[in-house]
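Chains Z and H supply the protein sequences, listed in that same order. In terms of numbering that gives the first Met the number 0, the first sequence opens at residue 0 and continues consecutively. In terms of numbering that gives the first Met the number 0, the second sequence opens at residue 0 and continues consecutively. A short write-up of the structure that comes next.
There are 2 protein chains.
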Amino acid sequence: MALLWEEFYDRTPRPSNLDENEKLLNNFAKHHIEKNNKIVLITSGGTTVPLEHNTVRFVDNFSAGNRGSISAEYFLDHGYAVIFMHRLKSLEPFSRHFSGHKFLDIMNLTMINDVTSISVAPQYVNKISKILRKYKETLKDNKLLQICFTTLSEYLWLLRSACQALTILENRAILYLAAAVSDFYIPSNEMALHKISSSGAPSIHLQLVPKVLEPLVNLWVSKAFVVSFKLETDENILISKAREALTKYNHNLVIANILQTRKQQVVFVSQENDYILSLTNEQIQNGEEIEKFIVQNLIEKHEIWMRSQKLD
Amino acid sequence: MALLWEEFYDRTPRPSNLDENEKLLNNFAKHHIEKNNKIVLITSGGTTVPLEHNTVRFVDNFSAGNRGSISAEYFLDHGYAVIFMHRLKSLEPFSRHFSGHKFLDIMNLTMINDVTSISVAPQYVNKISKILRKYKETLKDNKLLQICFTTLSEYLWLLRSACQALTILENRAILYLAAAVSDFYIPSNEMALHKISSSGAPSIHLQLVPKVLEPLVNLWVSKAFVVSFKLETDENILISKAREALTKYNHNLVIANILQTRKQQVVFVSQENDYILSLTNEQIQNGEEIEKFIVQNLIEKHEIWMRSQKLD
Chain Z
0 MALLWEEFYD RTPRPSNLDE NEKLLNNFAK HHIEKNNKIV LITSGGTTVP LEHNTVRFVD
60 NFSAGNRGSI SAEYFLDHGY AVIFMHRLKS LEPFSRHFSG HKFLDIMNLT MINDVTSISV
120 APQYVNKISK ILRKYKETLK DNKLLQICFT TLSEYLWLLR SACQALTILE NRAILYLAAA
180 VSDFYIPSNE MALHKISSSG APSIHLQLVP KVLEPLVNLW VSKAFVVSFK LETDENILIS
240 KAREALTKYN HNLVIANILQ TRKQQVVFVS QENDYILSLT NEQIQNGEEI EKFIVQNLIE
300 KHEIWMRSQK LD
Chain H
0 MALLWEEFYD RTPRPSNLDE NEKLLNNFAK HHIEKNNKIV LITSGGTTVP LEHNTVRFVD
60 NFSAGNRGSI SAEYFLDHGY AVIFMHRLKS LEPFSRHFSG HKFLDIMNLT MINDVTSISV
120 APQYVNKISK ILRKYKETLK DNKLLQICFT TLSEYLWLLR SACQALTILE NRAILYLAAA
180 VSDFYIPSNE MALHKISSSG APSIHLQLVP KVLEPLVNLW VSKAFVVSFK LETDENILIS
240 KAREALTKYN HNLVIANILQ TRKQQVVFVS QENDYILSLT NEQIQNGEEI EKFIVQNLIE
300 KHEIWMRSQK LD
């Protein structure tokens, strides 16, 4: 049996930097409600479940942060302000285009009259100037707030605080819950203090994480447009699992995807219907990203839904 | 009981890209033996242990790759050629200085006569030109080979292949085994096929990984200078654990460190003695890196050891 969500928060230590993050979140939400902007909260990347208090080992969830970081750029293109709540060191909007040595490989060193300068090689200027312009504009307009988590409990504390900050936006907020959140964890009081000795083969006993989607939908942001993700590796159970979640939590949309094909195809599962979004081979070859279409579709749904509420 | 290492390789599938990596390793070793260079093999970052064949979840070891990536730069400064065998997306030499948005934050966009150019803001040119110069020189001299792993079994296959390529260097090779390698794993034939269902609380049964340091020292690179690392969180057992490893595997050196203080202090544990290397508060404030002193000390030891072998 999983703990109730209230018990989880009662028993799990509050992260030391949460006050600071709450300030950032509240200021960001206030700023954008004054500007009459919409906000999307994107969660991105995997959560860790430490096996020891002095953590050397942990269980992790596969996620580089592609879905979240790419989607963030498209939401910004559509005028949304973005709270990007991501796993530390997972992919981030804009900088995602320059991982590894790519940055150093495109730079030229020049020396003119004893003055050194470093510039992007001409053949890359076109592509990079587009990204850099959007990045600088986003910062200038204060359209992007980035906050980080690593562990499951940091994620759960931060998610609740972000929701509380978003309450004032009512239906102008989208929650886009793309993070790969662990279903299992080891409670703080059952965790080893030091690195587990390698003298024997251990068994790790995990407990279920309470499903916070329930209080999120019903209590924390009851007026927001809530989108969750369902990732499976077995195609036979994908849609039924997605619909099961939608029925249970009664939120707006589940975006369902299979691990192996997640960059080419997703299924939108809503109360009304479900339909497939996918890239053609030509689109894949041209470097198109499926997130462009996911975000377009989603924003349309969000608009229609907001309008329908006005009519009520 | 752990499997014998031969059984591990017999039962664990060979990675599909290993042939390609072996070619790179062999060419690199041949190139540098012809140039009469020394080579250090640095392993860096953590290994994952998948819980499912279609992997959504895995056990991981804490390691950003700081020790390995920083040390690589200092070995290059001392003229060594470096094989940098690292966890995919962990820190890498040179690019480690520019993680996250740092790259975008230091770039200026300018427009002169309708021509866009992008350059590093003047206040950063000094620092970055040093890094960029070293990076370009390293590439030009073919002094750095980078190869990647993610899972424990990829690591173990790659390590053996790298050792086989280094055999021809005899005592001119250093092995600097800084990767955080899992002590436990789930054998391929006991792993779930699909994502573990979250309907119940699972127990994960792990087995011991065979210690390949034994065949590495005795068979694979029996003439090389071998350095292993020991990380603990409990100071009381650190030195005894390090000496135990040194006695058991009979290699040249264990570098012992405590998780919480690893950036300020390490202990060199050798057959002859053990001594502490640490940074003063002043050095820490000046941004000095302990790896500079680790590598200096190590290279001296390597030189003395090579000379002593000539005398025999």
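Even glycine gets a Cβ: it sits at the ideal position worked out from N, Cα and C.
Buried versus exposed call for residue 226 (chain Z) [16 or more other C-beta atoms within 10 Å across all chains shown]: Burial check for residue 226 (chain Z): the Cβ neighbour count within 10 Å reaches 16 or more, so the residue is buried.
The segment 226 to 239 of chain H in contact with the segment 189 to 209 of chain H per 3-pair CB rule at 8 Å: Cβ pair count under 8 Å is below three, so no.
Nearest-angstrom Cβ-Cβ length linking residue 85 (chain Z) and residue 147 (chain Z), presumed shorter than 8 Å: 6 Å between Cβ atoms; contact.
For residue 90 (chain H), three-class secondary structure by DSSP: Residue 90 (chain H): coil per DSSP, three-state reduction.
Rounded distance between the beta-carbons of residue 287 (chain H) and residue 278 (chain H), thought under 8 Å: In this structure, residue 278 (chain H) and residue 287 (chain H) form a Cβ contact; the two beta carbons are roughly 6 Å apart against a cut-off of 8 Å.
Three-way DSSP call (helix, strand, coil) for residue 190 (chain H) in this model: The answer is coil: DSSP assigns residue 190 (chain H) none of H, G, I, E or B.
For residue 51 (chain H): DSSP bridge partner residues: Paired residues: H:191.
Chain-ordered residues of the segment 221 to 254 of chain H with a beta carbon less than 8 Å from chain Z: The residues in question are 230, 231, 232 and 233.
Contact set between residue 134 (chain Z) and chain H, taken where Cβ atoms lie within less than 8 Å: In chain order, 100 and 103 make up the part of chain H whose C-beta sits under 8 Å from the C-beta of residue 134 (chain Z).
is_contact[residue 51 (chain H), chain Z] using C-beta, thresh 9 Å: Closer than 9 Å to the CB of residue 51 (chain H) there is at least one CB belonging to chain Z.
Coil, strand or helix - residue 220 (chain H) by DSSP: DSSP, read as helix, strand or coil, puts residue 220 (chain H) in coil.
Segment contact flag, the segment 65 to 83 of chain Z with the segment 106 to 125 of chain Z, C-beta cutoff 8 Å, min 3 pairs: No, the segment 65 to 83 of chain Z does not touch the segment 106 to 125 of chain Z.
Any C-beta of chain Z under 9 Å from that of residue 264 (chain H): No, residue 264 (chain H) lies away from the interface with chain Z (no Cβ there is under 9 Å from its Cβ).
For residue 260 (chain Z), the three-state DSSP class (helix, strand or coil): Judged by DSSP in its simplified three-state form, residue 260 (chain Z) adopts helix.
Closest residue to residue 221 (chain H) among H:24, H:189, H:166 and H:200 (Cα-Cα distance): The residue with the shortest Cα to Cα distance from residue 221 (chain H) is H:166.
Residue ranges of each beta strand (DSSP E) within the segment 4 to 91 of chain Z, 3 or longer: Listed in chain order, the complete beta strand (DSSP E) runs (minimum 3 residues) inside the segment 4 to 91 of chain Z are 38 to 43, 47 to 49, 56 to 60 and 80 to 86.
Coil, strand or helix - residue 185 (chain Z) by DSSP: Residue 185 (chain Z) falls in the coil class under three-state DSSP.
Alpha-carbon to alpha-carbon, residue 77 (chain Z) and residue 91 (chain Z): The alpha-carbon atoms of residue 91 (chain Z) and residue 77 (chain Z) are separated by roughly 18 Å.
Buried versus exposed, by CB contacts within 10 Å (16 or more), residue 290 (chain Z): Looking at its Cβ environment, which holds 16 or more other Cβ atoms inside 10 Å, residue 290 (chain Z) is buried.
Residue 19 (chain H) versus residue 241 (chain Z): straight-line alpha-carbon distance, rounded: Distance between the alpha carbons of residue 19 (chain H) and residue 241 (chain Z) is about 41 Å.
7 Å Cβ cut-off: residues of chain Z touching residue 182 (chain H): Here the neighbours are 197.
Partner residues on chain H for residue 115 (chain Z), Cβ-Cβ distance less than 9 Å: Those within 9 Å of residue 115 (chain Z) in chain H are 124, 125 and 128.
Identity of the residues DSSP links to residue 231 (chain Z) by a beta bridge: Residue 231 (chain Z) is bridged to Z:257.
Alpha-carbon spacing of residue 265 (chain Z) relative to residue 108 (chain Z), whole angstroms: Those two C-alpha atoms are separated by around 44 Å.
Chain H contact for residue 194 (chain Z) (CB, 9 Å cutoff): Residue 194 (chain Z) belongs to the set of residues whose beta carbon lies under 9 Å from a beta carbon in chain H.
Counterpart residues of residue 202 (chain H) in DSSP-defined beta bridges: According to DSSP, which records beta bridges pairwise, residue 202 (chain H) is partnered with Z:204.
Distance cut-off 8 Å: residue 95 (chain Z) Cβ against heavy atoms of the ligand SAH: Among the ligands in the structure shown, none appear at all, so the ligand SAH cannot be discussed.
Uninterrupted alpha helix (DSSP H) stretches inside the segment 135 to 165 of chain H (no shorter than 4 residues): Those alpha helix (DSSP H) runs which fall completely within the segment 135 to 165 of chain H and span 4+ residues are 151 to 165.
Cross-strand partners of residue 110 (chain Z) (DSSP beta bridge): Partner(s): Z:115.
Interface flag, residue 153 (chain Z) vs chain H, CB-CB below 9 Å: Not an interface residue.
Members of the segment 58 to 74 of chain Z near chain H, C-beta cut-off 8 Å: So the list reads 58, 59, 60, 61 and 63, given in the order they occur along the chain.
Interface flag, residue 84 (chain Z) vs chain H, CB-CB below 9 Å: Not one chain H Cβ lies under 9 Å of residue 84 (chain Z).
Cβ pair residue 42 (chain H), residue 151 (chain H) closer than 9 Å: Contact annotation: residue 42 (chain H) and residue 151 (chain H) have beta-carbon atoms that are not nearer than 9 Å.
Residue 201 (chain H) at chain Z interface by Cβ criterion, 9 Å: With 9 Å as the cut-off, residue 201 (chain H) counts as an interface residue toward chain Z.
Inter-residue spacing [alpha-carbon to alpha-carbon] between residue 67 (chain Z) and residue 96 (chain Z): Cα-Cα distance, rounded: 14 Å.
Option nearest residue 254 (chain Z) by Cα separation, candidates Z:285, Z:292 and Z:282: Checking every option, the nearest Cα to that of residue 254 (chain Z) belongs to Z:292.
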